[in-house]
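Notes follow once the structure below has been shown.
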Amino acid sequence: MTKANIIRLIATALVLTITIFVDLNVEHPAWAKDLAFWQPEGQRDIALRYGADLGGGISALLVTDASTGKVIDPASMEATRAIVRSRAQDLATSDPVVQIVDARHILVQMSTVQDAGMMSETLSAEGLVEIVDVGTQDPSALRGTTLETVPAGSLPPESPISTPAPSLTATVAATPTTSLTATLTPTATPAPTAAATATLTATTAATPTVTVTPTPVVTAAPTTTATTTITPTASLTPTAPSTPTEEMEPVTPPTPIYETVLTNDELEHIELKQAYSSEQGSTITYAELRLTSQGATIFDLYAMARAGHYLCVTLDKQVVGCAGLQGSTLIQRDAKGNPLPLSFYASIGKAEIAPFSSIFRSGRLPVPLKVEKVGPVGSTLGQAAVRRIGIAAVIGLAAALALLPAHYRFPGLLADLALVFFGFIGLALCKIIPMPITLPSITGFAVAALLALQAHFTIFERLREGIRANRSLPRTVKNSFSDAWRSIRDTHLALLLFSFVVWVVGAATAAISIRWLGAALAAGALVSAFVTLVFTQLLMSLASNVSQEWLDERKWLLGI
Amino acid sequence: MFDLHVIDKRRWYLLASPILVGLSIVAMIVSAILSGIPLRLDPAATGSETIRAAGFAIPIAAAVAMAFVWWSFRATPSAFRHSACAIAVVAHNLLVLLGFQALMGILAGWQADALFFVAVMAVIGLSTQDAIAVLSRVQENAAMRRKESQEMAITRSVYETIVPTLVARLCALFVLIAIAVVGGSTVIPFAATLLVGVIVETYSATFTAVLLLTI
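Chains as they are written, first to last, in my numbering: chain B, 7 to 566; chain Z, 12 to 226.
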């Protein structure tokens, strides 16, 4: 065996082993799934995924939220539909169907997603992005919480900076029948969300220990959780003997109100990004915001006036990430004067990155939506149609597989084998990329399969020419491949280039069908090249060397 | 030796292409008169993204294919002509498919959806690879048999490539006919578009592309 054939044999054995392992319809071990490092961590899997056209999916009926009092006209409904479609495309594996049903309803049908609740929330999220001033205290406790905000300038001028001493009122429920009312003036200024432990000195024999939740009358946003020892000047008059330890009823503090500095209107583009942090030794997520010129001016003025404050980015009032303002925190600009992006460290879970990114990218809904109904839906082509397509494909493929040996005899059988191998490798690629099984992706593989067949036939035609010219079989086989090489190279390169263009354009225009068509064409072209130049060449070389005499005596087997 | 039937009768072979293109343009004009648009679009199912993607991808892919063919045949004196022939075939097939869709829109109310544009892109991919296969063969034969005339090299190439091309396309036709017959009404437009596309591109790549070289 020649050195080239040994390499082909090793490559074929390796690919065959991996293909069989991946194609096996079993639950693959975790280590195997982890090998698919290009898939998002935590979502790695080796499984077939179907698009909505073949495998069905999920349907959500969205209705406009009339309670907001916003005017709902056809133009705003169309703009809302476009945003919902953009979000659905981010979550789905095939083109979603997003239709305006009537003046108030939008219907979304898309491929199955892992988390239907997350899908509903993402589709109906308002998408209001705000940059909020949360005052001077460390905002780490605010991350993930929901803030109440008012537009900039709505608060008293001193409120974001000064934090007045809160007046605390607590009711002490004494055991067994004591009812105490205490007015506490703390000696410290607790944070509005602080849980303070106050030791009360009462005029009774009892020395109750009470837990006080302070209720600050503040509009600013101090955020730390503090434990404060308060010595109140309370006067307690028990109506009954009390036990030494009494607990005060916690008083729910009013929700702090924060000032919004910027909203979507001043933001040009928002994106969630990930980068490796050498300080933390892990990958961190951050929100990158590009402001409009007007937004950058507002930000600069604010940053100069409120040095030392923290700003948080919120999505639908939920804090995504925060950053501190320094005196010198001004928006940098490029040579053309365009504002450069701002970055906020985002503390969101991995599972939330995709929906948050989608909402950030798609923008704010002109019309607020609510989810009215969510449920499973059959394939968009119809279950019966999918079954019939499957039957038709099997019939057509069987006819094609029968045609090849009928026309080319023994080489035709090799082409059949190559086609089957092509199918197995294609299936394995669909599982590990992962590429959803949709009509566009099947079409892409079918075009590449035709390329593979044509390459085989080009070789077989040259083989016939060589045998008719009475050349030796091993030499003819070798020459057939070398003669056909240029044609095979050019056609495969042309298809690869074409698929690259299709994929790039599909990705740039968010057309999922076109993108998967491009991906399938590219994957198929590579598989076709492998199957033709490695697998078939190996088999033909082996057959011509091992069975040369036998085949020479039976030239009809070679299609002569 | 091959007879020069293909060359002798090239006017007739080439005439089929303008007839097909002409009929396609007429179908689109009639569709535009009847419905105000040359191609009825399915706005609900298609979405503007797919149409936009197809609108960008088709000219870019054609330009890239032209550049590639020019690069691939750069050693020959008629490299630009080769690439022009490949592009002519792609444009020809695109127009015929659009015309077919317009005709079916008039006759059966078909609307162009995402799958239609996927089928168009697939046919363009096939057209490019077929045209390159035939043109490669012409160049190979011209290089191997320098004493032969260009007409003879073209005729030889057509005969040598038509069998593998036809067998490969027959395999595709088996599957597409089965899907069109058994697949049901939801996939008939998709399968029919591919079916027409495969037939037209096989003809145009084998005959139109190479015969244009002789003009």
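Each residue gets a CB set at the ideal place from its N, CA and C atoms; glycine is no exception.
Everything numeric in this text was worked out from a predicted model, so none of it was measured.
> the stretch 90-109 of chain Z: which residues have C-beta closer than 8 Å to a C-beta of chain B, in chain order?
Replying inline: none
> Could one say the Cβ of B/Gly472 lies closer than 8 Å to chain Z's Cβ atoms, at least one of them?
Replying inline: no
> What do you get for B/Ser288, buried or exposed, if any count of 16 or more other CB atoms within 10 angstroms of its CB means buried?
Replying inline: exposed
> Between B/Ser486 and the rest of its own chain, which residues show a CB-CB distance below 7 Å, the 5 nearest in sequence each way excluded?
Replying inline: Ile465, Arg468, Leu469, Gly472
> If you check the beta carbons only, do B/Ala5 and B/Tyr292 fall under 8 Å apart?
Replying inline: Because residue 5 of chain B is not part of the residues shown, which for chain B are 7 to 566, the question remains open.
>> Does B/Thr18 come out as helix, strand or coil in the three-state DSSP assignment?
In response: helix
>> Let me confirm a value: Z/His16 is counted as buried when at least 16 other C-beta atoms fall within 10 Å, else exposed. Which label applies?
In response: exposed
>> Suppose you measure from the CA of B/Val224 to the CA of B/Pro262; what does that come to, to the nearest Å?
In response: For B/Val224, the predicted model reports a pLDDT of 36, less than 50, meaning its position is unreliable and no value from the coordinates is stated.
>> Give me, in chain order, the residues of the same chain whose beta-carbon lies closer than 6 Å to that of Z/Phe218; leave out the 5 immediate sequence neighbours on both sides.
In response: Tyr24
>> In the DSSP output, what is B/Asp139 paired with across the bridge?
In response: B/Glu265, B/Leu317
>> Among the candidates Z/Ser147, Z/Phe79, Z/Ile117, whose CA atom is the shortest distance from the CA of Z/Val169?
In response: Z/Ser147
> Hey, B/Leu545 and B/Leu501: beta-carbon distance below 8 Å or not?
Replying inline: no
> Which residues in the same chain have their Cβ closer than 7 Å to the Cβ of B/Thr230, if we skip the five residues on either side of it in sequence?
Replying inline: Residue confidence is low: B/Thr230 scores 36 on pLDDT, short of 50, so the model does not pin down where it sits. No coordinate-derived value is stated.
>> Restricting to Cα atoms, I'd like to know which of B/Trp522, B/Asn551, B/Thr86, B/Leu499 is closest to Z/Ala78.
In response: B/Leu499
> Under the three-state reduction of DSSP, which class applies to B/Gly530: helix, strand or coil?
Replying inline: helix
> Which one of Z/His93, Z/Val41, Z/Leu126 has the shortest CA to CA distance from Z/Ile165?
Replying inline: Z/His93
> Taking only beta-carbon atoms, is B/His275 less than 8 Å away from chain Z?
Replying inline: no
> CB-CB under 8 Å to B/Ile24, same chain, minus the five flanking residues each way: which ones, in chain order?
Replying inline: Ala434
> Along chain B, in chain order, which residues have C-beta atoms closer than 8 Å to that of Z/Pro200?
Replying inline: Going along chain B, no residue has its Cβ under 8 Å from Z/Pro200, so there is no contact; the nearest lies around 12 Å.
> Could one say the Cβ of B/Ile47 lies closer than 8 Å to chain Z's Cβ atoms, at least one of them?
Replying inline: The question names Ile, but residue 47 of chain B is Glu in the sequence shown. No, no contact with chain Z.
> Thinking just about the alpha-carbon of each residue, which of B/Glu265, B/Pro480, B/His111 is nearest to the one in B/Asn551?
Replying inline: B/Pro480
>> For a contact defined as C-beta to C-beta under 7 Å, what are the partners of B/Ser519 on chain Z?
In response: Thr61, Ala125, Val129
> With which residues is Z/Ala90 paired in a DSSP beta bridge?
Replying inline: Paired residues: none, contrary to the question.
> Roughly how many angstroms separate the alpha carbons of B/Arg149 and Z/Val209, rounded to a whole number?
Replying inline: 58 Å
> With which residues is B/Lys376 paired in a DSSP beta bridge?
Replying inline: B/Val69
> Can you list, in chain order, the stretches of the beta strand (DSSP E) that have 3 or more residues and sit fully within the stretch 27-98 of chain B?
Replying inline: 63-70
> Buried or exposed: where does B/Thr189 fall if 16 or more other Cβ atoms within 10 Å of its Cβ makes it buried?
Replying inline: The predicted position of B/Thr189 is uncertain, since its pLDDT is 34 and thus under 50; no value can be drawn from it.
>> At the 8 Å Cβ level, is Z/Arg22 part of the contact set with chain B, yes or no?
In response: no
> Helix, strand or coil for B/Ala517 per DSSP?
Replying inline: coil
> Can you tell which of B/Ile52, B/Lys561, B/Leu557, B/Tyr282 has the C-alpha that lies nearest to the C-alpha of B/Leu30?
Replying inline: B/Ile52
>> Out of B/Trp562, B/Ile448, B/Thr515, which one is the CA nearest neighbour of Z/Ala133?
In response: B/Ile448
> Leaving out five residues before and five after B/Glu274 in sequence, what residues of the same chain have Cβ atoms less than 6 Å from its Cβ?
Replying inline: Arg296, Thr298
>> For a contact defined as C-beta to C-beta under 7 Å, what are the partners of Z/Gln140 on chain B?
In response: Leu457, Thr497, Ala500, Leu501
>> Can you confirm whether the stretch 389-400 of chain B touches the stretch 124-138 of chain B when touching is taken to mean that 3 or more C-beta pairs between the two stretches lie within less than 8 Å?
In response: no
>> Using a Cβ-Cβ cutoff of less than 6 Å, which residues in the same chain neighbour B/Gly418 once the five nearest sequence positions on both sides are dropped?
In response: Leu410, Pro411
>> Output needed for B/Pro157: all residues of its chain with C-beta closer than 6 Å, excluding positions within five of it in sequence on either side, in chain order.
In response: Thr266
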